[in-house]
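Structure record follows, encoded as structure tokens.
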Amino acid sequence: MSGTHGQPSANKRRGIYLLPNLFTTGALFAGFYAIVAAMNGRFVAASEAVVIAGLLDGVDGRIARLTGSQSDFGVQYDSLSDLVSFGLAPALVVYLWALASLSEYGQAMGKIGWLAAFLFAACTALRLARFNTQAGVGDKRYFQGLASPAAAAVIITSIWACEAEGIRGAEVNVIAAVATVATALLMVSNVRYHSFKTWPKTDRVPFLWILVLVIVFVLLAIDLPKALCGIALTYAISGPVMTLIGVSRKRSDRVKRRREGDEGGEAEP
Numbered sequence: 263m264s265g266t267h268g269q270p271s272a273n274k275r276r277g278i279y280l281l282p283n284l285f286t287t288g289a290l291f292a293g294f295y296a297i298v299a300a301m302n303g304r305f306v307a308a309s310e311a312v313v314i315a316g317l318l319d320g321v322d323g324r325i326a327r328l329t330g331s332q333s334d335f336g337v338q339y340d341s342l343s344d345l346v347s348f349g350l351a352p353a354l355v356v357y358l359w360a361l362a363s364l365s366e367y368g369q370a371m372g373k374i375g376w377l378a379a380f381l382f383a384a385c386t387a388l389r390l391a392r393f394n395t396q397a398g399v400g401d402k403r404y405f406q407g408l409a410s411p412a413a414a415a416v417i418i419t420s421i422w423a424c425e426a427e428g429i430r431g432a433e434v435n436v437i438a439a440v441a442t443v444a445t446a447l448l449m450v451s452n453v454r455y456h457s458f459k460t461w462p463k464t465d466r467v468p469f470l471w472i473l474v475l476v477i478v479f480v481l482l483a484i485d486l487p488k489a490l491c492g493i494a495l496t497y498a499i500s501g502p503v504m505t506l507i508g509v510s511r512k513r514s515d516r517v518k519r520r521r522e523g524d525e526g527g528e529a530e531p
């Protein structure tokens, strides 16, 4: 009897939760579709697919927490899905859209093009590995380095906005290469970004935040690609800006303490 009763519990432990992993699979599918669409020259569809992957990625974790269906399997599966959707997909899309045309300037520039795309994919993998090893250790209010979905959003929404304006990748291939490398390095940097995981703490929020949300919705309705691009770029820049402000404040505090110490020493008889 003990063996009979023990078997169902063992099967239960070996099972996986369907609902959150279903959303993760959807994000993985969207990332794969983005690659296929880019290979066929459909860069707007590819950009839309990565954006959808980002939305699904933001939902699966919250569903797992709300339903109490978090698991080690889900964490690993989510990371592998993120590598495809926010690492390989954006890297290949930006390469096919703009970086491949760098070969027109010579063999060396052609190599720089695909190496920039590889750097983005590699930094995504490194960013995800570091995040997994530091889970539950660091401050949940901040990310260390630009999160991979946000980094993918910078690249993808820029492509989407350019396509909407009729700007082709070959026209901005050098800028695209610089942006790809810079975004990749931000992912593996020590620059801190707000995670918004602990916001808001209560059901009540300041009236100004509601007004900001209304303005964002209006901008999204007016011009979705440009609005998304603006939001992604603003978030990407916010980390270095906050870091510079923090360094400046610390330097000012050190100078102030040093001056107070010198004044205190002069005041002594």
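Numbering of the sequence shown is given in this note's numbering, commencing with residue 263 and proceeding in unit increments.
Ideal placement from N, C-alpha and C gives every residue a C-beta, glycine not left out.
Since we're looking at a predicted model, the values are computed, not measured.
Hey, ALA439 and ALA378 are a contact pair by Cβ (cut 8 angstroms); roughly how many whole angstroms apart?
Right, their Cβ atoms sit about 5 angstroms apart.
Alpha carbon to alpha carbon, what distance is there between GLU427 and PHE405?
33 angstroms
Original post:
Distance, Cα to Cα, PHE294 vs MET504?
Top reply: 34 angstroms
For PHE405, list the residues DSSP reports as bridge partners. TYR455.
**Q.** Same chain, Cβ closer than 6 angstroms to GLY288, neighbours up to 5 away in sequence not counted
**A.** LEU318
Review point. Under three-state DSSP, which class holds GLY303?
Key: coil
| Between SER271 and the rest of its own chain, which residues show a CB-CB distance below 8 angstroms, the 5 nearest in sequence each way excluded? | Because SER271 carries a pLDDT of 44, less than 50, the predicted location of this residue cannot be relied on, and no value is offered for it.
_Rounded to the nearest angstrom, what separates GLY375 and LEU280 at their Cα positions?_
40 angstroms
**Prompt:** Are the beta-carbon atoms of GLY349 and ALA299 separated by less than 8 angstroms?
**Reply:** Remark: C-beta atoms of GLY349 and ALA299 do not approach each other more closely than 8 angstroms.
(request) For the alpha helix (DSSP H) containing GLU425, list its first residue and its last residue. (result) 410–426
Do MET449 and CYS491 have their CB atoms nearer than 8 angstroms?
no
* Thinking just about the alpha-carbon of each residue, which of VAL517, VAL478, GLN338 and ALA432 is nearest to the one in ASN394? -> GLN338
For ASP344, does the count of other Cβ atoms within 10 angstroms reach 16, so buried, or fall short, so exposed?
buried
Given this structure, state the Cα-to-Cα distance separating ILE418 from PHE335, to the nearest angstrom.
Straight through space, the alpha carbons of PHE335 and ILE418 are spaced by roughly 28 angstroms.
Discussion item. In whole angstroms, give me the CA-to-CA distance for ALA432 and PRO282.
Written reply: 39 angstroms
**Prompt:** So, using beta-carbon positions, are LEU290 and VAL356 closer together than 8 angstroms?
**Reply:** no
Problem set entry | Closest Cα partner of LEU238 within the set ILE325, VAL306 and ALA311 | Shown here, the chain extends from 263 to 531; a query on residue 238 therefore has no answer.
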